[in-house]
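Undergrad: Residue numbers (full-length UniProt numbering): 1 to 110. Supplied in structure tokens, the structure appears directly below.
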Amino acid sequence: MSCYQCSSEHASNCDTEQRRDELQKCRYHRNNDGCFTRIYGDTVIRGCISDLGSDTDPCKGWKRSDCHACYDDGCNYVSRNVLRNSSSFSGTSLRTSLFFVLHYFLVLFG
């Protein structure tokens, strides 16, 4: 398993979309290992789930807009802005879809 591994405290480009040539092999690779990106204030941290310890859910207790876990090589490449905006977009899309379904049923049966 290979993930992007950095902290914006030490690498100025860690909060931007990552390049393929910056992938690093996970040190403690285990079955079901994956990658994560966490945002804490202005700090972005990327790494391997296996670096967090055994049986760790990397996003437990984190807001969806502040944490992303994935399970393919290099899947934690998205920028801080994309991660933050994707969660709000998902919520907006879900609300919009529910509105249209409700409206459809009211028109159909109302």
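Every residue gets a Cβ at the ideal spot worked out from N, C-alpha and C, and that includes glycine.
Between which two residues does the beta strand (DSSP E) harbouring CYS48 extend?
TA: Looking at the DSSP string, the run of the beta strand (DSSP E) that includes CYS48 is 43 to 48.
Undergrad: With contact counted as at least three CB pairs below 8 Å, one residue from each stretch, are the segment 13 to 28 and the segment 38 to 49 in contact?
TA: Counting Cβ pairs under 8 Å, three or more are found: they touch.
Undergrad: For the UniProt domain "DUF753" (2 to 76), list the beta strand (DSSP E) runs that are entirely contained and at least 3 residues long, ordered along the chain.
TA: Listed in chain order, the complete beta strand (DSSP E) runs (minimum 3 residues) inside the UniProt domain "DUF753" (2 to 76) are 35 to 40, 43 to 48, 67 to 70.
Undergrad: Nearest to TYR40 by alpha carbon, out of SER12, CYS67, ALA11?
TA: For the residues SER12, CYS67, ALA11, the minimum Cα distance to TYR40 belongs to CYS67.
Undergrad: For TYR71, count the other beta carbons within 10 Å of its own beta carbon; 16 or more makes it buried, fewer makes it exposed. Which is it?
TA: TYR71 comes out exposed.
Undergrad: Given this structure, state the Cα-to-Cα distance separating THR37 from ALA69, to the nearest angstrom.
TA: Distance between the alpha carbons of THR37 and ALA69: 7 Å.
Undergrad: Tell me whether VAL82 sits in a helix, a strand or coil according to DSSP, three-state version.
TA: Correct three-state label for VAL82: helix.
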